[in-house]
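What follows is one structure encoded as structure tokens, with my remarks underneath.
Residue numbers (our numbering): 489 to 604.
Spelled out as structure tokens, the structure:
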């Protein structure tokens, strides 16, 4: 007599995380991301970056270490590249963004991430 197997639960196939190189970012930014060792976006980055690049506001929340800083700074840097200037004069480099952070330590961390 044939044995009847229980019905299998539906299998969900998880999609691989989206890659940074699928974003419309300047090659210099993509190279910096790659040089920093990143290829795939985290969920907060995959959701926020396209919205910010489109010029819309985002309020996002995610665990520590999930890439929130890159989620807002990569689009910010992309938009700032339009105003890139080879001049060394401070007058040619006005403030284009103000990033607020609740602590000095977090402000330093954000600044260091943007520099790299």
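The beta carbon of each residue, even a glycine, is placed where N, CA and C say it ideally should be.
Using a Cβ-Cβ cut-off of 8 Å (strictly less than) and excluding sequence neighbours within five positions of residue i, which residues of its own chain qualify?
i, result
"residue 575", "581"
"residue 524", "604"
"residue 528", "504, 505, 506, 507, 508"
Here's a check: name, in chain order, each residue in its chain whose Cβ is nearer than 7 Å to the Cβ of residue i, leaving out the five neighbours to either side.
i, result
"residue 563", "537, 540, 541"
"residue 573", "580, 581"
Keeping to the same chain, check which residues put their C-beta closer than 6 Å to that of residue i; ignore five residues upstream and five downstream.
i, result
"residue 547", "none"
Between residue i and residue j, is the Cβ-Cβ spacing less than 9 Å?
i, j, result
"residue 595", "residue 583", "no"
"residue 512", "residue 566", "yes"
"residue 535", "residue 569", "no"
"residue 533", "residue 559", "yes"
Given this structure, state the Cα-to-Cα distance separating residue i from residue j, to the nearest angstrom.
i, j, result
"residue 597", "residue 561", "12 Å"
"residue 557", "residue 545", "15 Å"
"residue 555", "residue 585", "19 Å"
"residue 577", "residue 601", "24 Å"
"residue 510", "residue 592", "34 Å"
"residue 521", "residue 531", "16 Å"
"residue 590", "residue 514", "30 Å"
"residue 441", "residue 526", "The chain is shown only over 489 to 604; residue 441 falls outside these bounds and no answer can be derived."
"residue 571", "residue 553", "30 Å"
Answer yes or no: the CB of residue i versus the heavy atoms of the ligand GDP, is any distance below 8 Å?
i, result
"residue 570", "Ligands displayed in this structure: none; no statement on the ligand GDP is therefore possible."
request  = Within the segment 523-600, note down every full beta strand (DSSP E) run reaching 3 residues or more, in order along the chain.
outcome  = none
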